[in-house]
Each structure stands twice: as structure tokens, then as C-alpha cells.
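Structure first, commentary second.
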Amino acid sequence: MNPKTISFWSAGGNTGKTTLAIAFALALRKHKTEVVLADFKEVTPHVHKYFGIDAQDKSDVYEAVENGRGVYEAVKRHLDKRQGIWIFTGVGLDDFAKFEERHFSAVIEVLAKEFDHVVIDATPGIFFSSTYAALKKSELIYAVLVPDRWRLEDTAVMMEFICKRWNVGKDRFKALLNMADSEEIDVNTVERLLEVETFPVRRGKKHITQDVAKIAKAELEKETGMGCRIRTTGEVGSFGVN
């Protein structure tokens, strides 16, 4: 199977994007696929807090990319396994100013060679190099929004910018309407404005787990239906067999 990079992105903050990215990665793992969850939220990464992992300085990754050698080893040092998936913790305040698109792209390239799926929790908006790297490298992008008219319009505007200015195909996008049971804006409205397939996610931990699991299962079935297959543990690189 060709590795697949999947980004969770939103036009703004407070959409529940990180929660959905975590739930999606955990749901994929239940289908015996090797998964890494990469935290690309610059300045304020949160994935490590959920899994109880200490934040780590990433200067060695930066130096490895700058020197053009040892990138694989540097990335590997920052991987932790929790609940059956691998975690690449985020770039914090001390490192984010020097990291550029090429540094984040190099991390994705290493991870994509080692895992069946790379799930990225991307920085919201269009103003960070990590966001550009994540969306350019992703085969699938979930645009996460909450049922609010202004959030929907912001998402539409930024998606248009990403497609036209960053040359990211709109066919890579799908939308997740989080807290869809609030009824302020429904899935049909989102699909009509964004012109992408949209999935509802209900509020509450139990509902999130159930709804995201269905979405992940459907995505895997679509992949396998196209002739792909999940690699066995023995076929995965050194990150996935420890």
C-alpha cells in the first residue's frame, strides 16, 4: 500500500480539530494499519499533552535538515508510542521561528516512508509554514469547522486561497462538521458552500469516537477497494516494529 498522508486543518481555532485528529488516528490503528500522528501545530502544540508525553526540543531535527544528513535518525528520536500509534510531538515556541516549510516537509517525507498512514494535526489558517507543508504533502485534507455561519464562510475563503495560490487540488478536501447536532448549520449547507463531501460529527466523547470511527473505516474501505493493501507489521520500517 502506498503511504497516505492525511491532514486535519481548520480556518480558525477552537473547532475541535486536534480531538478529531487524535480520534481518527486511533480509529485507523484498530484496522491493523501502522499509524503515526504528527503534531504540526506551531507554538502551541497539544497532542503530547493528551498522551502524557513531555514536549521536546526539535533543534536536532532542524540541524539535520540544514546539514542534509541524519534526518531519519533525528525524527526517530522524537517518536513515542502510545495506545498503539506513534506520536511525533510538536514544534514549540523555542523552535518554531527557525523552522521553515522544508523542515516540516522533510519530517513528513521520513514518516511517509515508515508508516501506512501519517495523520497530521495542522496549524489553523494559512499563515504558517507548517500548514503549507502539511497541506501540500497530503493526499487527503479534512477541513474541520463548527456550525457557525462565519466559520463556514472563512473556511470557504481559505480553501479557495489554498487551492488557487498553493495549487492544492480541491479533490483532496473533505469537510468535518463538528458539533453537527447543534442544528445551526447542517451538512447540506456546508456541502453546498464548500462543494466537498462533508461528514457530521456529534458532540460528546462517545459520539466523536463512534462518528470518527465510521469515517476512518469508510476511508480504509475506499483505499482497499482501489487495490491497496495494508502492510503487515513485518513490512513496516523500524519505527513500526518496536
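Residues 377 to 618 (my numbering) are what the sequence shown spells out, left to right. Heads up, the beta-carbon is just placed ideally off N, CA and C, and yes, glycines get one too.
Item, Value
"Per-residue burial, Ala510 [other beta carbons within 10 Å of its own, 16 or more giving buried]", "buried"
"Counterpart residues of Phe503 in DSSP-defined beta bridges", "Answer is none; Phe503 lacks a bridge partner."
"Neighbourhood of Tyr448 by C-beta distance below 8 Å, restricted to the same chain and skipping five residues each side", "Val486"
"The stretch 536–545 / the stretch 569–585 touching (three or more Cβ pairs under 8 Å)", "no"
"Assigned secondary structure, Gly468 (DSSP; H/G/I helix, E/B strand, else coil)", "strand"
"Beta-carbon gap between Asp524 and Glu567 smaller than 8 Å", "no"
"Same chain only: Cβ atoms within 8 Å of Val520, ignoring 5 sequence neighbours per side", "Phe384, Trp385, Ser386, Thr391, Gly392, Lys393, Leu396, Ala551, Leu552 and Asn554"
"Residue span of the beta strand (DSSP E) that contains Ile561, given as start and end", "First-last for Ile561: undefined, no H or E at that position."
"Spatial distance of Ala440 from Tyr508 (CA atoms)", "21 Å"
"Identity of the residue in Arg527, Asp415, Glu442 and Asp436 nearest Ile429 by Cα", "Asp415"
"Entirely enclosed alpha helix (DSSP H) segments - the stretch 526–570, minimum 4 residues", "563–570"
"Validate contact between the stretch 397–405 and the stretch 529–541 using beta carbons, cut 8 Å, 3 pairs", "no"
"Ser383, DSSP secondary structure in three states", "strand"
"Residue burial classification, Trp526 (beta-carbon count within 10 angstroms, cutoff 16)", "exposed"
"Contact under 8 Å by Cβ, His493 with Lys598", "no"
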